[in-house]
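Enquirer:
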Amino acid sequence: MTTSIRPLALAALMAVAGIAGAADAPATAALKICVDQDDPPFAAEATPERGIDVEVAQALAKQLNRPLRLVWVQVPNRGGIGKALRQTLAAGQCDAYLGIPQGPDMAGELAERKLTQSGPYLLLGYVAVAAPGRPVPTTASLRRARKIGAVSATPADLYLHRMNLPRAPFPGSAALLAGLKSGEIDVALIWSPWLADDAAKGYVRGTESLGDADLVTGLTVATRRADEALTRDIAAAVEALRGEGRFDAIAQGHDLPKITPP
Numbered sequence: 000m001t002t003s004i005r006p007l008a009l010a011a012l013m014a015v016a017g018i019a020g021a022a023d024a025p026a027t028a029a030l031k032i033c034v035d036q037d038d039p040p041f042a043a044e045a046t047p048e049r050g051i052d053v054e055v056a057q058a059l060a061k062q063l064n065r066p067l068r069l070v071w072v073q074v075p076n077r078g079g080i081g082k083a084l085r086q087t088l089a090a091g092q093c094d095a096y097l098g099i100p101q102g103p104d105m106a107g108e109l110a111e112r113k114l115t116q117s118g119p120y121l122l123l124g125y126v127a128v129a130a131p132g133r134p135v136p137t138t139a140s141l142r143r144a145r146k147i148g149a150v151s152a153t154p155a156d157l158y159l160h161r162m163n164l165p166r167a168p169f170p171g172s173a174a175l176l177a178g179l180k181s182g183e184i185d186v187a188l189i190w191s192p193w194l195a196d197d198a199a200k201g202y203v204r205g206t207e208s209l210g211d212a213d214l215v216t217g218l219t220v221a222t223r224r225a226d227e228a229l230t231r232d233i234a235a236a237v238e239a240l241r242g243e244g245r246f247d248a249i250a251q252g253h254d255l256p257k258i259t260p261p
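When we follow numbering that gives the first Met the number 0, the leftmost residue of the sequence shown carries the number 0, and every step to the right adds one.
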């Protein structure tokens, strides 16, 4: 009797120990994603539940089956995104950084800091915009326009100069909208994220591609090159979610116009 109880008791103790061990096992580590603390409509620490990059981060974490932890980053005025990447992602404060634009200059900066980037999860670009009540602007109407507005010294301004179109430089997007409303200009080329602002509602957006690669850029996810597995997983998650139309749906939910590649 005694000999038969001991193995049973030992087995019970081992089972309890196994249960306790499972309970004490660490949960899946949170995916720490850096986002700009003040960059609406993409992210804002003041409204942490809403923003394009916030929702993109949530979608990526869900796709990877990991809990999400947002890391809010104040991008410095001096040094900009390059300095922010060095101080956060390269320093190990987060696993990934959203909103990194494509382009040779950024690619060089990432390489210098031993970072890499995914394919684009969102395309941004310049959109032809007309005043409320006016016809939808097209590439043909641009050629007929009396004056076309653009923010001074931007790719849109340089495009108008290069195409020998009648350009009118303005100090900012709010001034462009005012110029449209007053009739000072017929059409404006406006950076697409600005059109998500309430001030831009009611203005008529063109849907045609302007056909120039300099007017379009993709936003990507940056990771550390040494984190090979995570880099592969995030790149695959971006491709899968983009293919499903998830990122387009997030952008449309924030009234961001869809940009057609040139």
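Note that beta-carbon positions come from the ideal geometry of N, C-alpha and C, so glycine has one too. Because the structure is a prediction, the values reported are computed rather than measured.
Beta-carbon within less than 8 Å of G201's beta-carbon, same chain only, minus the 5 sequence neighbours each way: which residues are those?
Expert: P131, listed in sequence order.
Enquirer: Roughly how many angstroms lie between the CA atoms of A24 and V74, to the nearest whole one?
Expert: Model confidence at A24 stands at a pLDDT of 35, short of 50, so the residue's coordinates are unreliable and nothing is read from them.
Enquirer: With a threshold of 7 Å on Cβ separation, who are the neighbours of A236 within its own chain once the five nearest residues in sequence on each side are excluded?
Expert: Within the same chain, A236 has close Cβ partners L59, Q62 and L63.
Enquirer: Would you check if the region 204-218 and the region 76-94 touch, i.e. whether three or more CB-CB distances between them fall below 8 Å?
Expert: No: the two stretches stay apart, fewer than three of their Cβ pairs being nearer than 8 Å.
Enquirer: Okay, do the region 216-228 and the region 89-104 touch, 3+ Cβ pairs below 8 Å being the bar?
Expert: Yes, since at least three Cβ pairs between the region 216-228 and the region 89-104 fall closer than 8 Å, the two stretches touch.
Enquirer: For P162, count the other beta carbons within 10 Å of its own beta carbon; 16 or more makes it buried, fewer makes it exposed. Which is it?
Expert: The question names Pro, yet the displayed sequence has Met at residue 162. M162 comes out exposed.
Enquirer: With 16 as the cutoff for other CB atoms within 10 Å, does D262 come out buried or exposed?
Expert: Outside the modelled stretch of the chain, which goes from 0 to 261, sits residue 262, for which no answer is possible.
Enquirer: Do the CB positions of G148 and L179 come within less than 9 Å of each other?
Expert: Contact flag set, yes.
Enquirer: Can you have a look at P40 and say buried or exposed, based on whether 16 or more other CB atoms are within 10 angstroms of its CB?
Expert: Answer is buried; the Cβ neighbour count reaches 16.
Enquirer: Helix or strand or just coil, what does DSSP make of V34?
Expert: If DSSP states are grouped into helix, strand and coil, V34 belongs with the strands.
Enquirer: Alpha carbons only, please: which of R49, D35 and S117 is nearest the one belonging to L84?
Expert: Of the listed residues, the one whose Cα sits closest to L84 is D35.
Enquirer: Using only CA atoms, which one of H253, G242 and V220 lies nearest to A106?
Expert: Comparing Cα-Cα distances from A106 to each of H253, G242 and V220, the minimum goes to V220.
Enquirer: For the region 66-105, which segments carrying the alpha helix (DSSP H) assignment without a break, of at least 4 residues, lie completely within its bounds, in sequence order?
Expert: You should have 79-86.
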